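Notes follow once the structure below has been shown.
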Amino acid sequence: MVMSISFAESALTDLEDIRVWYAEQGVSAVGERFVGDIFRRVESLAEHPELGRVVPEFRQPFLRELICPPFRIVYRCDAERIRVVRVWRSERMLRVPKGEL
């Protein structure tokens, strides 16, 4: 079964922040490449929703993450869909805004 994928507003903001930060550093192509890599990794979840590991900070089976160096793609996996909630640098501790899970 192929799952549908959606992005929380927080994840979309994270992706835009990544793109903008690299553009401000004068290496916009790097930011564009990272964002493209992240979207490709997320697409793989449609057929393999449990590909990522359980997020260690929360230890909840429905909250998983893929590592796409140097980023963490955090997503919620339900019976019918996958919702990407954050995309953060992998060294940062995870904080998910209320209502995004």
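So the mapping is simple: the working numbering equals the position in the sequence shown, first residue as 1, plus 22.
Here a beta-carbon is modelled for each residue, glycine too, at the ideal position from N, C-alpha and C.
Just so you know, these numbers come straight off a predicted model, no measurement behind them.
Closest in alpha carbon position to P71, among A45, V42 and I95, is I95. Residue pairing by DSSP leaves I40 without any beta bridge partner. In this structure the stretch 86-95 lies against the stretch 54-69, because at least three pairs of beta carbons, one per stretch, are closer than 8 Å. For the 7 Å CB-CB criterion, F29 and I40 do not form a contact. With fewer than 16 other Cβ atoms inside 10 Å of its own Cβ, E102 counts as exposed. When secondary structure is reduced to three states using DSSP, E65 falls in the helix class. Here E87 carries a strand assignment [DSSP, helix/strand/coil].
Pairing V107 with I60 gives a Cβ-Cβ distance that is not under 7 Å.
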